[in-house]
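Q: Can you keep this structure in mind? I'll have questions shortly.
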Amino acid sequence: MNRVAPLAGLLILSSAMAPLHAAPGIRLDVTPIWLGTASLDGEGKARTSSLLLNAATDLPVDDGFSVGLNASYQYIDWEFRDPLSWNGQSPWGNVQRAGLGINLNWRTGDWQYTLAPSLSYAGELGADRNDSMGLGVTAVAARSFTPDLTVGLGVGLFNAIDETRVYPYLMIDWNIDEQWHLSNPFSAGPAGPAGLELGYRGLGNKWDIGAGGAYRSFRFRLARDNALASGGVGQEEMIPLYVRFGYTPSRNTKLDLYLGAALNGKLRTEDSNGNLLTEDEFDATPLFSINFGGQF
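Positions -22 to -1, 1 to 274 (mature numbering (1 follows the signal peptide of the UniProt record, and there is no 0)) are the ones given, in order, by the sequence shown.
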């Protein structure tokens, strides 16, 4: 089943997002994420813990042109307890996601353009590999109106897990003054790159804080031996809101602590033909994450 769903601000794997600015060298990020126990509307509980790994680099080719390479991997451990909507059975087990992307970046005058093709994988352990793959591309055009304000518009097209998704999104990098900064959330954090974060840097050279949020929607292939929907599709949706506390011990390293909540959560399963089997919502749930980042 192939559907086109326009979703503003959809979160995808960070490897498919094209950054406005990229520092030289290789950036590595390690991000454990914990979602507390969620109460399902159909009765039962669910919780997750995951580990997200990101690596990215930007290679200058000539004046105004560079090529970025990026990769990501996430392992998600799901735990369900008596989910009545799925007859007391876990709708899925542990899930893996991975992505590879190339960013082609071109700058001329006040304008910068990015074209970013990507390859992704999203599947429950035991899912068919070919059916878990996806292809995508994003295109961005951004303009620096002043040295402190860059605004861009982009569009993404992704075909994966029995669905084609097209969405526009806004990219912004705005130094409002010496202390306040408005931008898209850092891609390795729990909210992902889609959304907005307002940051404050008036706490000294090493400390900063921020608050933001985004919309998350992930689809993944279910395992061939899944008892409820063999070879079907699982999906999670939520709106993570957070407060971030950042510490920069050195020029090339950064530590961020995220405290927040996941709102408007939804879990659903489809069979292998794309028919909706079950959908359940969950209440606001605590969210906690730590990001360790380094530039080498």
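Using N, Cα and C, we set each Cβ at its ideal position, and we do this for glycine too. Fair warning: this is a prediction, and the values are worked out from it, not measured in the lab.
Leaving aside the five residues before and after Gly20 along the sequence, list all residues of the same chain whose C-beta is less than 6 Å from its C-beta, in chain order.
A: Cβ within range, chain order: Leu62, Ser63 and Asp258.
Q: Give the straight-line distance between the Cα atoms of Thr142 and Gly22, rounded to the nearest whole angstrom.
A: The alpha-carbon atoms of Thr142 and Gly22 are separated by roughly 32 Å.
Q: Measuring straight from C-alpha to C-alpha, what distance separates Lys232 and Leu6?
A: Distance between the alpha carbons of Lys232 and Leu6 is about 11 Å.
Q: Could you have a look at Leu241 and say whether DSSP puts it in helix, strand or coil?
A: Strand.
Q: Excluding the 5 residues flanking Leu113 on each side, which residues of the same chain have their C-beta closer than 8 Å to its C-beta?
A: Hits under 8 Å: Pro95, Ser96, Leu97, Ser98, Phe136, Asn137 and Ala138.
Q: Within the segment 97 to 150, note down every full beta strand (DSSP E) run reaching 3 residues or more, in order along the chain.
A: Entirely contained in the segment 97 to 150, the beta strand (DSSP E) runs reaching 3 residues are, in chain order, 111 to 124 and 127 to 138.
Q: By alpha-carbon positions, which one of Arg107, Gly271, Phe223 and Arg179 ends up nearest to Arg199?
A: It is Arg107 whose Cα lies nearest to the Cα of Arg199.
Q: According to DSSP, is Leu160 helix, strand or coil?
A: If DSSP states are grouped into helix, strand and coil, Leu160 belongs with the strands.
Q: Any contact between the segment 143 to 151 and the segment 228 to 243? By contact I mean 3 or more CB pairs, one from each, below 8 Å.
A: Touching, no.
Q: On the premise that Ala24 lies in contact with Phe58, defined as a C-beta separation below 8 Å, what is that separation, rounded to the nearest angstrom?
A: Rounded, the Cβ-Cβ distance is 5 Å, consistent with contact.
Q: Using the rule of at least 16 other Cβ atoms within 10 Å of the residue's Cβ for burial, across every protein chain shown, is Val45 buried or exposed?
A: Exposed, by the Cβ-count rule.
Q: Compute the Euclidean distance between the alpha carbons of Leu160 and Gly173, then round it to the nearest angstrom.
A: Distance between the alpha carbons of Leu160 and Gly173 is about 11 Å.
Q: Please classify Leu29 as buried or exposed, where buried requires at least 16 neighbouring CB atoms within 10 angstroms.
A: Classification of Leu29: exposed, given that the 10 Å Cβ count is below 16.
Q: Given this structure, state the Cα-to-Cα distance separating Ile268 from Trp12, to the nearest angstrom.
A: The straight-line gap from Cα to Cα measures roughly 9 Å.
Q: Let me know if Arg229 comes out buried or exposed under the rule of 16 or more other beta-carbons within 10 Å of its beta-carbon.
A: So Arg229 counts as exposed.
Q: With the cut-off set at 8 Å, would you say Leu103 and Ala201 are in Cβ contact?
A: Yes, the pair counts as a contact, with Cβ atoms nearer than the cut-off.
Q: Determine whether the beta carbon atoms of Gln67 and Ala205 lie at a separation below 8 Å.
A: Their beta carbons are under 8 Å apart, which means Gln67 touches Ala205 by this criterion.
Q: Among Trp70, Tyr225, Leu176 and Ile80, which residue has its Cα nearest to the Cα of Ser209?
A: Checking the displayed sequence, the identity of residue 209 turns out to be Gly instead of Ser. Ranking the options by Cα distance to Gly209, first place goes to Trp70.
Q: Roughly how many angstroms lie between the CA atoms of Gly182 and Gly188, to the nearest whole one?
A: Cα to Cα, the separation comes out at about 14 Å.
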